[in-house]
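Asks: Here you go, one structure.
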Amino acid sequence: MLQFIDTHTHNTDEAFEGCADELIGRALEAGVVKMLLPDIDSKERDAMFAYARRHADVCHPMLGLYPGSVDGDWREEIDRMCAYDRTGVVAVGEIGLDYHYGTEFKKEQQEALRVQLELASQWDLPVNIHLREATGDFLDIVRDCRHLHLRGNLHAFSGSAETFAQLSRLGDWYVAIGGVITFKNAAIAREVRDIPLSRILLETDAPYLAPVPYRGKRNESSLIPVIAGFLARCKGCSLEDVSDQTCRNARQLFKI
C-alpha cells in the first residue's frame, strides 16, 4: 500500500467531538501513516497534546500561536506557549498572518510572528505558516529574518509559483497542498505545475476544505489519497511518485 503523511490536521476540533479517535483507524486504512497536529492557542493546547500522546505512534504535535488568536494579550499567550513541554514537538505552528477578517491586530500579528520565528530558530524547529491576504508583509518579515536561517512550509497553499519562488530565495521552504487543488477553477491546480515535487507536502487542514467530490462535508486525513491523486494528474506524474516524494519531504522537514 502507498503511504502518505498529512502535515496539517485539527483532529481535536469540535467537529470531531466523540469520534476523534476513530480518525486514526480510517487514516491508517487509507495509507496515511503520520498526522501532524497544529497548535492554536492555550485554550486548545492541552487537548491537542493529550491526543498526540494518546496516538504517539501516528500523531506529532506542533507548538505555536495562530494569527487569528492574536490580540492585545498575545505576549502572555507566547509566555504560556514557551512554558509548555516541547517533548515531541515537530514545528512551531501554526503561526503567521491573516488579514481576511480585518486588520485590527495587524501590528500585533506581525510582532507575534517575528517572536515565534526567533523561537523556531532557537529551538531548531521548522515553522508551519498560516498566510491569508498578507503575502507582502509576510515576505518582508521573512526577508528581515534571513539571519535566522528559517525552514518551514506554507500550509494550505493557494498562491502562485512566483510567490513560492520569492520565498525560496529566503530560506528552506515547502508548500503544503490540500483539498483546494481539486476545486473547480482553482488557480493552484495550474500554479503547482511550476513548483517542484521535491518542495511539496500534502495536508487536509481537516475538518475544513474537503476535496471534491467530498467538498462541503467534514474533511479528514483518510482523504489524503484523493488530494494526492489530483496532484499527480496536475503534475503529470504517478501517484507512486507523489506518495514517495511528499513523504520524503515531510520526513526531512519535520524530522519524523
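Counting from 1, one number per residue, gives the positions in the sequence shown under our numbering.
All residues carry an ideal CB built from backbone N, CA and C; glycine is no exception.
It should be emphasised that the depicted structure is a prediction, and the values quoted were computed from it without experimental measurement.
Around the Cβ of Cys-19, are there at least 16 other Cβ atoms within 10 angstroms (buried) or fewer (exposed)?
Replies: Stepping through the sequence shown from its first residue, residue 19 is reached at position 19. The residue in question, Cys-19, is exposed, as its Cβ has fewer than 16 Cβ neighbours within 10 Å.
Asks: Just to check my reading of the structure: Arg-132 and Asp-98 have Cβ atoms closer than 8 Å, yes? What is that Cβ distance to the nearest angstrom?
Replies: Here residue 132 corresponds to residue number 132 of the sequence shown, with the count starting at 1. Here residue 98 corresponds to residue number 98 of the sequence shown, with the count starting at 1. Indeed they touch by this definition, with Cβ atoms about 4 Å apart.
Asks: Tell me the DSSP secondary structure of Ala-232 in three-state form.
Replies: Taking the sequence shown and counting its residues from 1, the one referred to as residue 232 is at position 232. It is helical.
Asks: Just how far apart, CA to CA, sit Lys-43 and Asn-219?
Replies: Taking the sequence shown and counting its residues from 1, one reaches residue 43 at position 43. Taking the sequence shown and counting its residues from 1, one reaches residue 219 at position 219. The alpha-carbon atoms of Lys-43 and Asn-219 are separated by roughly 23 Å.
Asks: State the Cα-Cα distance for the pair Asn-185 and Glu-191, rounded to the nearest angstrom.
Replies: Locating residue 185 in the sequence shown gives position 185, where the first residue counts as 1. Locating residue 191 in the sequence shown gives position 191, where the first residue counts as 1. Approximately 12 Å, taken between the alpha carbons.
Asks: If you drop the 5 nearest sequence neighbours on each side, which residues of the same chain put their C-beta closer than 6 Å to that of Ala-210?
Replies: Here residue 210 refers to the residue found at position 210 of the sequence shown. Hits under 6 Å: Gly-179, Lys-217, Asn-219.
Asks: Excluding the five sequence neighbours on either side, which residues of its own chain have a C-beta within less than 6 Å of the C-beta of Val-258, listed in chain order?
Replies: Examination of residue 258 is not possible in this model, given that the chain is present from 1 through 256 alone.
Asks: Any idea which residues DSSP pairs Asp-79 with across the strands?
Replies: Walking along the sequence shown from the start, residue 79 turns up at place 79. Looking at the DSSP assignment, Asp-79 forms no beta bridge with any residue, so it has no partner.
Asks: Any idea what DSSP makes of Gly-96, helix, strand or coil?
Replies: As a first step, residue 96 must be located in the sequence shown, where it is residue number 96. Note: Gly-96 maps to strand in three-state DSSP.
Asks: Using the C-alpha atoms, what's the distance from Gly-64 back to Arg-151?
Replies: What you label residue 151 is simply residue 151 of the sequence shown in a count that begins at 1. What you label residue 64 is simply residue 64 of the sequence shown in a count that begins at 1. Approximately 15 Å between the Cα atoms of the pair.
Asks: Exposed or buried, which one is Cys-82 when buried takes at least 16 other CB atoms within 10 Å?
Replies: Residue mapping note: residue 82 aligns to position 82 of the sequence shown, counting from 1. Exposed, because fewer than 16 other Cβ atoms sit within 10 Å of the Cβ of Cys-82.
Asks: Per DSSP, which one or two residues make a beta bridge with Leu-131?
Replies: Here residue 131 is taken as the residue at index 131 of the sequence shown, counted from 1. Leu-97, per the DSSP bridge assignment.
Asks: Please report the Cβ distance between Asp-241 and Leu-197, rounded to the nearest whole angstrom; I am assuming they are in contact, meaning their Cβ atoms lie under 8 Å.
Replies: The count along the sequence shown starts at 1 and reaches residue 241 at position 241. The count along the sequence shown starts at 1 and reaches residue 197 at position 197. With 8 Å as the limit, Asp-241 and Leu-197 qualify as a contact, their Cβ atoms being about 7 Å apart.
Asks: Going by alpha carbons, who is nearest to Glu-14 out of Val-58, Ala-47, Gly-25?
Replies: For this step, residue 14 is matched to residue 14 along the sequence shown. When each option's Cα is compared against that of Glu-14, the closest is Ala-47.
Asks: So for Met-62, helix, strand or coil by DSSP?
Replies: As a first step, residue 62 is located in the sequence shown; it is residue number 62 there, counting from the start. Met-62: coil per DSSP, three-state reduction.
Asks: Taking DSSP as the reference, what is the three-state secondary structure of Leu-197?
Replies: Locating residue 197 in the sequence shown gives position 197, where the first residue counts as 1. Correct three-state label for Leu-197: helix.
Asks: Anyone know if the C-beta pair for Pro-126 and Ala-91 falls short of 8 Å?
Replies: Your numbering for residue 126 matches position 126 in the sequence shown. Your numbering for residue 91 matches position 91 in the sequence shown. Yes, the pair counts as a contact, with Cβ atoms nearer than the cut-off.
Asks: Arg-199 to Ser-168, Cα distance in whole Å?
Replies: Locating residue 199 in the sequence shown gives position 199, counting from the first residue. Locating residue 168 in the sequence shown gives position 168, counting from the first residue. Each residue's Cα considered, the two are about 10 Å apart.
Asks: Check Phe-138 in the structure and name its three-state DSSP category.
Replies: As a working note, residue 138 is residue 138 in the sequence shown. Reduced to three states, the DSSP call for Phe-138 is helix.
Asks: In chain order, what are the residue ranges of uninterrupted beta strand (DSSP E) at least 3 long that sit wholly in the stretch 143-195?
Replies: Qualifying beta strand (DSSP E) stretches, in chain order: 151-154, 172-177.
Asks: Measure the CB-CB distance between His-55 and Phe-254 and report whether it falls below 8 Å.
Replies: Walking along the sequence shown from the start, residue 55 turns up at place 55. Walking along the sequence shown from the start, residue 254 turns up at place 254. No, they are not a contact pair.
Asks: Check Ile-5 in the structure and name its three-state DSSP category.
Replies: Numbered from 1 along the sequence shown, position 5 holds the residue referred to as residue 5. The answer is strand: DSSP assigns Ile-5 an E or B state.
Asks: Identify, in the order they occur along the chain, each residue of the same chain with its Cβ nearer than 8 Å to the Cβ of Tyr-174, setting aside the five sequence neighbours on each side.
Replies: Your numbering for residue 174 matches position 174 in the sequence shown. The answer, listed in chain order, is Gly-152, Asn-153, Leu-154, Arg-199, Ile-200, Leu-201, Asn-249, Leu-253.
Asks: Measuring straight from C-alpha to C-alpha, what distance separates Gly-72 and Ile-78?
Replies: Translated into positions along the sequence shown, residue 72 becomes position 72. Translated into positions along the sequence shown, residue 78 becomes position 78. Approximately 12 Å, taken between the alpha carbons.
Asks: Residues in its own chain within less than 7 Å of Leu-148 by CB, not counting five upstream and five downstream?
Replies: Start at 1 with the first residue of the sequence shown, and residue 148 comes out as number 148. The residues are Leu-117, Glu-118, Ser-121.
Asks: Would you list the residues sitting across from Ala-206 in a DSSP beta bridge?
Replies: The residue you call residue 206 lines up with position 206 of the sequence shown. Ala-206 pairs with Thr-9.
Asks: May I ask you to report which of helix, strand or coil DSSP gives Leu-239?
Replies: Locating residue 239 in the sequence shown gives position 239, where the first residue counts as 1. If DSSP states are grouped into helix, strand and coil, Leu-239 belongs with the helices.
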